[in-house]
Amino acid sequence: MLPDHYQFVSDVPVIPVMVIDRLDDAVPLAQALVDGGLTTLEITLRTPCALAAIEQITAQVSGALVGAGTVCNSTQFKAAVDCGAHFVVSPGHSDDLFQASNEHQTPLLPGAVTATEVMAVLNAGFPVIKYFPANTSGGVAAIKALCGPFSSATFVPTGGIGLTNLIDYLAVPNVIAVGGSWVTPANAVKARQWQRITQLASEALQLATSLRSPEGK
Ligand code: 3PG
C-alpha cells in the first residue's frame with residue numbers, strides 16, 4: 003500500500019515522458035495527452051523551455067497532474083517545484099535529491115536498477131522507483147528478480163517501453179505504471195499532429211487498462 007502522497011502513480015498506468023522544444027507546443031501537447039486519457043505527465047528538464055512548459059501546463063490544462071523529469075540535483079528540484087511541479091522524477095538518486103523532496107514535501111521517484119541502488123532508495127524512505135533504463139538493465143526479468151528481496155518496492159519502468167512490451171511490464175505485480183516517450187513521437191510534435199498524439203495516448207491507455215490485474219494495482 004502506497005503512502006497517500008504517492009497514490010497519484012496509481013491513477014493512470016502510462017506516464018508520458020515529454021521533451022518539449024517549443025514552448026508553444028506545451029499546452030496543446032499536454033491537452034492532446036489528457037484528451038487521450040493520460041493525465042499524469044512527466045516533463046523532462048532537458049530543454050530550455052521545460053520549466054516554463056511546466057508552469058503553463060499546470061495553469062492551463064485542467065485535469066493534468068504535472069511532474070518534472072530528468073531532475074538531477076536540488077537546484078533543479080526547487081526550480082521545478084517553484085514552477086508548479088506536483089512530483090519529481092530522476093534518472094538516478096542522491097542524498098541531495100532525497101533531502102530536496104523532504105524539504106519541499108514533493109514526491110520523488112528516484113532512479114534505481116541494481117539491488118544496492120534499490121536498497122538505498124527504499125532505506126531513504128522512497129517507495130516508488132523509476133526503473134531506468136528499463137530494457138537495457140534487464141527488463142521484466144530483472145524487475146521480477148528484484149521483487150524477491152524487495153517485495154515492498156513499487157516500480158515505474160521507463161526506457162525502451164512501447165506498445166509491444168508495456169503489457170509484459172504491467173503484468174509484474176510490483177509495477178504500478180510504465181513511462182515512455184513513444185506516445186509523443188518527435189515527428190508528430192514537430193508537425194503539431196495533436197490528434198495523432200491523442201490517438202496514441204488512447205491506444206496506450208486502452209491496452210494498459212485491459213491488462214491490469216483484476217485486484218487492481
Ligand atoms: C526517459 O526518462 O528518458 C525515459 O526513460 C524515456 O525513455 P524512452 O524514450 O525510451 O521511452
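Start counting the sequence shown at 3; every next residue gets the next number (the numbering used here). Glycine included, each C-beta is placed from N, C-alpha and C at the ideal position. Keep in mind it's a predicted model, so treat the numbers as computed, not measured.
Do residue i and ligand 1 come close, with the Cβ less than 7 Å from some heavy atom?
i           : result
residue 161 : yes
residue 93  : yes
residue 135 : yes
residue 72  : yes
residue 141 : no
residue 158 : no
residue 96  : no
residue 19  : yes
Let me confirm a value: residue i is counted as buried when at least 16 other C-beta atoms fall within 10 Å, else exposed. Which label applies?
i           : result
residue 211 : exposed
residue 217 : Annotation note: pLDDT 49 at residue 217 (below 50); position unreliable, coordinate value reported separately. So residue 217 ends up on the exposed side.
residue 78  : buried
residue 160 : buried
residue 215 : In this prediction, residue 215 has a pLDDT of 48, which is less than 50 and means its spatial position is unreliable; what the coordinates show is noted afterwards. Label assigned to residue 215: exposed.
residue 3   : exposed
residue 130 : buried
residue 192 : exposed
residue 127 : exposed
residue 58  : buried
residue 64  : exposed
residue 15  : buried
Ignore the nearest five residues each way along the sequence and tell me which others in residue i's own chain have a CB closer than 6 Å to its CB.
i           : result
residue 139 : 115
residue 184 : 164
Excluding five sequence neighbours on each side, which residues of the same chain lie with their C-beta closer than 8 Å to the C-beta of residue i?
i          : result
residue 10 : 42, 67, 88, 89, 109
Given residue i, which residues of its chain have a CB within under 7 Å of its CB, disregarding the five upstream and five downstream residues?
i           : result
residue 204 : 38, 39
residue 190 : 198, 199
residue 20  : 31, 43, 44, 45, 46, 186
residue 49  : 21, 22, 23
In the DSSP assignment, find the unbroken alpha helix (DSSP H) run with residue i in it and report its ends.
i           : result
residue 200 : 196–212
residue 30  : 25–37
residue 171 : 168–172
Just to check my reading of the structure: residue i and residue j have Cβ atoms closer than 8 Å, yes? What is that Cβ distance to the nearest angstrom?
i           : j           : result
residue 202 : residue 154 : Between residue 154 and residue 202 the Cβ distance is about 33 Å, and since that is not below 8 Å, they are no contact.
residue 99  : residue 76  : 7 Å
Taking the beta strand (DSSP E) that residue i falls in, what are its first and last residues?
i           : result
residue 157 : 156–159
residue 49  : Taken as a continuous stretch (DSSP letters only), residue 49 belongs to no beta strand (DSSP E), as it is neither H nor E.
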